[in-house]
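Residue numbers (this note's numbering): 225 to 973. Using N, Cα and C, we set each Cβ at its ideal position, and we do this for glycine too. Keep in mind that this is a model prediction, so the values were computed, not measured. Structure, as structure tokens:
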Amino acid sequence: MDEPSQGLSSGPGGPEGVPVTAGLDTSESGRRAESGERGTADLEQEVRALRSELAQARASLWGLQELFQEAPAYVSVHDGPEHGIVFATALLERLLGGRRLRGLSFAEGFPPELQGDLRARFDAVYRSGYPSVQREVLWRVRDEVTGVVRELCADEVIQPWFSEQGEVRGVMWFAVDVMAQVKARRALLASERKLRTVVERAPVGIALISEEFCWQRLNDELCRILCCEPIQILSQHIRGVFFPEDWPSLEEDLRRLLRGEVAHVHREEQVLRFDGKTAWCRVSVSPLAAGDRQENGAGDGLVGGGLVGDEVAGGGLAGDGSAGDGGRAGEGRAGEGRAGARQSLSERQLVVIVDDVSERYEYRRRLEQEARRRDEFMATLGHELRNPLAALANAAELLRRTDERPNTLRISGVLERQTRQMRRMVDELLDVARIAKGKIQLQFTELDFVDLVRSVADDLVGAVEARGLTLQVDLPARELWVRGDRIRLTQIIQNLADNAAKFTDPPGRVVLRVTVDEDERRVRLSVCDTGCGMDPELLCSAFESFRQAHHTLGQSRGGLGLGLPLVRGLVTMHGGSIEARSDGPGCGTEMHVTLPLLEEPAERGDQRLATGVKSSLRVLVVEDHEDGAETLRELLESVAFRVCVAKDAAEALNRAESYGPELVLCDIGLPGAVDGYELARLLRARWGERLLLVALTGYGSGADRERAFAAGFDAHMTKPLDLDALLELTSARAGGDPVSSSRRIPGEP
């Protein structure tokens with residue numbers, strides 16, 4: 225670094241460098257000599273004072289030079305109209321080849337590629353005395369050694385240098401390299417352009433709306449969805465595209481969004497298109513706060529880019545390229561963009577994404593329609609199948625009760641087993657559909673699971689042994705209480721045991737085992753067999769509907785493949801789980817069901833119904849199926865009931881008046897204008913609660929049961945008639961137990 229006397233200073237012959245005056249009075253010596261009155265002491269004192277002032281001035285100049293040298297800027301000071309260099313920072317000297325610039329002329333110090341425009345600006349400031357400010361001026365400087373051209377971009381200020389007399393003596397030049405910022409801005413602008421393209425070409429509608437819910441910007445896809453031109457919708461309230469009855473709830477959701485009560489709003493709405501048609505759309509709305517836009521660093525242009533009506537983003541991007549032209553026009557355009565952004569940032573906005581789901585909605589509507597038709601078909605199928613099944617079951621039961629000859633008993637046994645199998649398949653088919661739709665309702669009670677398994681095993685042993693198999697039952701010597709639906713838990717055990725027996729050849733074995741996990745508070749039912757086993761890939765799909773193991777034309781085990789799916793659904797509804805295990809073909813299969821274990825209840829109620837049956841009970845059967853009605857009449861008469869049959873509602877009302885029945889078994893699907901539900905209302909209104917009304921029908925869903933109870937029926941039973949269940953029902957009634965809609969009849973869904 226130069227000594228202060230060689231840098232920015234003022235020597236005895238006048239100032240050189242920066243225009244700073246030391247304040248020396250050069251005429252003082254003459255005045256002292258002329259006065260002749262002062263002594264040598266006074267002269268020496270003044271010389272010392274002058275030297276002190278000069279030292280202070282030089283120190284100030286040294287500090288100023290140090291400040292310039294440390295500044296991260298290119299600084300130079302130029303003297304006179306030719307702009308000779310009287311000072312330059314080391315940073316500028318390194319940029320221009322590492323030469324010492326002080327003392328050189330403008331042409332000697334600055335390379336030719338910088339002289340033209342820069343000299344013109346220096347001249348303008350020198351002549352006018354007014355400073356010049358330029359933003360993002362592009363420089364191209366060639367390295368004299370390597371020949372490589374270096375590109376820089378700088379913000380520059382050219383300041384006039386005034387003498388003590390107020391005249392322009394020279395200019396001072398300050399420049400700051402902003403190339404990094406320019407590159408970052410260019411990258412951001414390129415990113416914004418890409419985002420505009422993405423938004424514009426997005427397969428969903430995108431829009432910005434104000435906090436007053438008016439359209440501000442939207443892309444072409446949203447215009448296509450609404451079948452409109454931008455001019456038709458911009459600045460309009462968004463309620464215009466929604467049905468009037470839908471807008472209040474949507475508006476409330478949007479206001480909750482603005483209040484910060486929710487983070488997003490997702491709705492499926494039917495919108496009104498400008499061509500008079502409608503479209504189903506999935507609408508998602510999110511807030512775009514002013515702070516979010518500022519943090520993004522791109523203002524509205526980042527989010528609103530590519531949206532029709534995006535003036536702010538367009539203004540901001542109009543300044544792209546201003547860094548390369550060195551003029552003031554770029555500065556003006558950038559300023560306008562920032563001003564527009566500041567104006568827009570003062571209000572909150574909402575981002576709206578609209579996805580046209582009309583095709584999906586129509587597809588879903590068709591699927592739902594098909595599902596309704598399927599449900600109606602299944603209900604009708606169950607009803608129509610149960611009518612002939614009821615006749616067959618009644619005939620078989622009647623044969624068994626009235627004719628004890630071995631051949632007759634054998635035939636009635638075949639009929640009973642086959643009708644029972646048919647009824648079971650119909651019930652499984654309907655139950656699986658009900659579980660899938662969540663329409664099965666369970667009647668939960670606290671029960672001893674060990675006693676339930678023992679009871680079911682007693683009923684199963686005959687059927688298992690008839691297959692040439694052995695039924696082994698391993699039960700703990702204690703009660704294990706669970707909370708469940710007795711009928712459905714019985715169905716689970718029966719299905720698993722029947723499935724095990726079906727896939728086991730004689731002389732095989734089926735094992736029912738109950739264990740308990742005290743730590744997990746779970747009870748486990750294991751149903752194991754020594755049958756054909758399962759392939760590993762079959763284990764993964766064992767609980768899928770209509771899936772059967774080893775199902776070939778020559779090796780069919782029967783059934784519809786619905787037993788295990790039904791079991792899984794019922795177990796899940798009880799809060800349990802089911803697992804299938806097998807070591808492979810020929811190694812047997814294990815089914816493990818776990819259920820939550822309860823503490824032993826303090827009070828145990830007797831859940832059994834009274835067994836006394838009133839004889840000579842007067843029964844009115846209302847059934848239009850001739851064979852079913854006749855066989856049912858004979859079956860009821862076999863247990864000493866007196867039976868009268870009617871084919872429709874009108875005949876039933878007439879028979880009831882003359883016959884005075886105590887029990888009415890009524891079908892639902894009756895011919896004529898009055899169905900079973902309406903007939904029940906008429907009978908209940910006429911005879912009150914003393915008449916026991918039982919719906920005996922092929923419609924067995926939970927909704928059918930509820931509808932039957934609402935119509936006035938005391939109980940709901942599905943065809944074919946379970947005579948034992950009916951006898952239990954009449955016994956309870958005879959014993960003074962009022963039959964209510966909460967009673968579950970064995971065999972009911």
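Check                                                                                                           : Outcome
Between the CA atoms of S510 and L974 - distance to the nearest angstrom                                        : This structure does not reach residue 974, given that the chain is present from 225 up to 973, and the question cannot be answered.
Boundaries (first-last residue) of the alpha helix (DSSP H) holding E583                                        : 582-626
For S352, the nearest candidate out of P305, E824, F437, E761 (CA to CA)                                        : P305
Boundaries of the alpha helix (DSSP H) in which G852 is found, first to last residue                            : 850-861
A721 versus T739, G686, R364, V747, residue with shortest Cα-Cα distance                                        : G686
Buried or exposed by the 16-neighbour rule on C-beta atoms within 10 Å, applied to G322                         : exposed
When S329, V400, E861 are compared against L841, the one with the closest alpha-carbon                          : E861
Spatial distance of R479 from A487 (CA atoms)                                                                   : 11 Å
Coarse secondary structure for M941, derived from DSSP in three states                                          : strand
DSSP-derived helix/strand/coil call for T669                                                                    : strand
Assigned secondary structure, P731 (DSSP; H/G/I helix, E/B strand, else coil)                                   : coil
Proximal residues to E640 (C-beta, below 6 Å), its chain only, five neighbours per side dropped                 : A620
C-alpha gap between F398 and F346, whole angstroms                                                              : 12 Å
Per DSSP, the bridge partner or partners of I802                                                                : V817
Buried versus exposed, by CB contacts within 10 Å (16 or more), D373                                            : Note on residue identity: the sequence assigns Val, not Asp, to residue 373. That one is exposed.
Length of the line joining the Cα atoms of G852 and F668                                                        : 34 Å
Bounding residues of the alpha helix (DSSP H) (the contiguous stretch that carries M797)                        : 787-797
Given 8 Å, three or more beta-carbon pairs between the segment 869-877 and the segment 843-851                  : yes
Any beta strand (DSSP E) of 3 or more consecutive residues that is wholly inside the segment 693-774            : 694-698, 705-708, 733-741, 746-753
Boundaries of the beta strand (DSSP E) in which Q494 is found, first to last residue                            : 489-496
Contact belief for W439 with I457 at Cβ below 8 Å, rounded distance in angstroms                                : 5 Å
Counterpart residues of C210 in DSSP-defined beta bridges                                                       : The structure shown does not extend to residue 210, since the chain is modelled only from 225 to 973, so the question has no answer here.
For V381, the nearest candidate out of G394, G390, R359 (CA to CA)                                              : R359
V402, DSSP secondary structure in three states                                                                  : coil
Spatial neighbours of R598 in its chain, beta-carbon cut-off 6 Å, leaving aside the 5 residues before and after : none
Nearest neighbour of R572, chosen from A595, L474, E435, G926 [CA to CA]                                        : E435
Burial state of E886 (16 or more Cβ within 10 Å)                                                                : buried
Supposed contact pair L790 and V843 - C-beta distance, whole angstroms, cut 8 Å                                 : In fact, because the Cβ distance is near 33 Å, the residues do not count as touching under 8 Å.
Distance between beta carbons of G793 and C752, contact taken as under 8 Å                                      : Between G793 and C752 the Cβ distance is about 22 Å, and since that is not below 8 Å, they are no contact.
Distance between L376 and V402 (C-alpha atoms, nearest Å)                                                       : 8 Å
For V395 and H307, believed in contact at Cβ under 8 Å, the rounded distance                                    : 7 Å
Proximal residues to G926 (C-beta, below 8 Å), its chain only, five neighbours per side dropped                 : R658, K663, I664, Q665, P973
Where the alpha helix (DSSP H) containing G340 begins and where it ends                                         : 336-352
Which of helix, strand or coil DSSP assigns to A935                                                             : helix
Buried or exposed (CB count within 10 angstroms, at least 16 for buried), F601                                  : exposed
DSSP-derived helix/strand/coil call for P630                                                                    : helix
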